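Below is one structure, written out as structure tokens, with a few remarks after it.
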Amino acid sequence: MPDPYPANAAERDRWILTRRGTRSVVDPAQPYGFFAEEERAASGEVVSVNTVLLTNRECPWRCLMCDLWKHTLTEPVPPGAIPAQIDYALKRLPPARQIKLYNSGSFFDRQAIPVEDHPAIAERVRGSERVIVESHPALIGDDVRRFRDLLSEGAISSRSRRREEAHDGCRLQIADCGLEVALGLETACPEVLERLNKRLTLDQFRRAAEFLQKNEMALRVFVLVRPPFLDEAAALHWACRSIDFAFDCGATVVALIPTRGGNGALDALAQQGEFSPPSLRTVESSLDYGIGQRRGRVFVDLWDIARLATCRHCSTARVTRLRQLNLAQDSPPPVACAECSKVG
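Per my numbering, the sequence shown starts with residue 770, numbered consecutively.
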């Protein structure tokens, strides 16, 4: 008999954990990944960005859709390990104007990133025009403000001001202290958000966003495209409403994440008819909507996008269009395909 996803929040951790597969072997002395990429900045420039995927202890939340636990440790890293991981990556990466420090959880989780390492981390990335970290909204508070102040010492301090920038015809107030914090909203659908086991409400997210805005830090928001419990039509509706909510909260960037299986829990839900990945059409329509609002930048995560690109006739052209959209933030004509009878 299938074991349905619990209605009781207290049972959800157990249900999710029992469906996990094998954790990858990672080294606390090295990041589990790093790469150079390009991203469109708020100014309209396409700038170089280095992304470092830090190795640390697993996040304390057990979100239903998360697969990042695969690359985490079961114990905290010792003090000094995170700065050493950054050194390791930067020695092997080209110079870049911005840096993302992502850690499969929350940068401000003291069990993941020791707070005593914050000064050493800030010293290593202070020369960047923008430092982007991720966090659960529940952890937004004094530690974030103190890290902002560490970054503001020296090179970034000359840019610590609010500035107005043009973005595709509209004027945006940009927090320019050098720190951008990425928060996972996931969805603005209250019922689905509650079932994701993130232990987050829309009001809590709004308060975290207000804190960042008040303290002149930029906000990036992660939004899932078709989280579990939604059909395709509802998925597009809630992706668009989630983009709206993120910008209402002061986001300057919204990153769309096509929800993927493979973490055990979502695979079980798929067998029960409660989850399917989004179609490429829904991803495209979500991105087109977000960019068309002209309220800020909207990107789509293209990692493993080939899973969604199922038509052998138009897939390459459609993925290429998404890459162009990410950089240009201006919608090129859709790709027509007679074979799959879709316009993407």
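For each residue, glycine too, the CB sits at the ideal point set by N, CA and C. Every value quoted in this text rests on a predicted model; they were computed, and no experiment measured them.
Closest option to LEU988, judged by alpha-carbon separation, among ARG781, VAL902, GLY1042, LEU1071: VAL902.
Residue pairing by DSSP leaves THR1089 without any beta bridge partner. At a Cβ-Cβ threshold of 9 Å, GLY1059 and ILE1026 do not count as neighbours. Of all alpha-carbon atoms in LEU993, ILE909, ARG893, VAL1023, the one lying nearest the alpha-carbon of TYR857 is that of ARG893. The Cβ neighbour count for HIS840, taken over all protein chains shown within 10 Å, is at least 16; the residue is labelled buried. In the DSSP secondary-structure assignment, LYS869 is bridged to THR820, ILE901. For ILE1026, the enclosing beta strand (DSSP E) begins and ends at 1022-1027.
Residue environment analysis places GLU806 among the exposed positions, since fewer than 16 neighbouring C-beta atoms fall within 10 angstroms of its C-beta. PRO773 is positioned such that its CB atom lies no closer than 9 Å to that of ARG781.
GLU808 and VAL1069 have their alpha carbons spaced roughly 11 Å apart.
Spatial neighbours of ALA865 in its own chain (CB-CB distance under 7 Å, excluding positions within 5 residues in sequence) are listed in chain order as ALA805, SER817, VAL818, ASN819.
Going by beta carbons, ASP886 and HIS905 fall outside the 9 Å limit. Beta-bridge pairing by DSSP links VAL1069 to LEU1025. The residue from GLY790, ASN777, ALA778 with its alpha-carbon nearest to that of ALA1037 is GLY790. Its chain contains LEU1071 as the residues whose beta carbon lies nearer than 8 Å to that of ARG1092, once the 5 sequence neighbours on both sides are disregarded; these appear in chain order.
Between LEU1005 and SER1084, the C-beta gap is not smaller than 9 Å, which leaves the two residues out of contact. When secondary structure is reduced to three states using DSSP, GLU807 falls in the strand class. If you keep only unbroken alpha helix (DSSP H) runs of at least 4 residues inside the region 967-1021, you get 971-983, 1001-1017.
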